[in-house]
Amino acid sequence: MKLKISLDRVKCFTTENTSGADDFYVVGATVAGGKTQAVLTAPLGIDDGQELAFPPDQRVVFDGPVADADTLHLGIAAYNRDVKGDWKRGDAASKITTAVGALPVPSGSLLVSTAYTAADAVFGRPGPDEKLGQLTLDVPVKDLKSGADKKWSCSGKSDALSSWQYEVYYTIEKA
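Counting from 4, one number per residue, gives the positions in the sequence shown under our numbering.
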């Protein structure tokens, strides 16, 4: 069968930045059926109350053949980019794929940290971006339910002034 997982849109209730919009992006990786796929979206400038679609060419989290007996390992995280700079998406995605492919046993949480570290090495930032939330799955493909508008909630608080709340919607297709 073919499995496709896609990011659809992000809804911002409250930004992490207290002085305006966040630069929201998703980074991570997915492993299933012997295939490794990197995930890295360009930052979306998003403010309180906005809902934005991910760019069509950056929505796919996984797309490939799998068997019911395979296990899906998915690890993606949302971040607020603080440092502006050259967004070398292609280079970073390649580094993510290589780093994740070298893992002896992938797991959702390990995919998140490995992917962020690989992307960060390409971007050369002076400090880490704020992590807004993460989604990890380590499940048999047979247990995945197809459907649109699946929701991943990201919320948190970093200090007395800064808190955030997002919902990321995604689709799972099995054919």
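Every residue, glycine too, gets a C-beta built ideally from N, C-alpha and C.
Problem set entry | VAL34 and PRO109 closer than 7 Å at C-beta | yes
For this session: Provide the residue span of the alpha helix (DSSP H) that contains LYS148, from first to last.
Result: Note, LYS148: premise wrong, no alpha helix (DSSP H); not H, not E.
Exercise. Taking DSSP as the reference, what is the three-state secondary structure of ASP51?
Worked result: coil
For this session: Return the bridge partner residues of ASP141 from the DSSP annotation.
Result: HIS76
Exercise. Of the choices ILE175, ASP50, PHE27 and ALA80, whose alpha-carbon is the least far from that of LYS148?
Worked result: ILE175
For this session: Please name the residue, chosen from ALA151, ARG92 and ASN20, that lies closest to LEU135 on a Cα-to-Cα basis.
Result: ASN20
Exercise. Would you call the CB atoms of ASP71 and LYS160 closer than 7 Å?
Worked result: no
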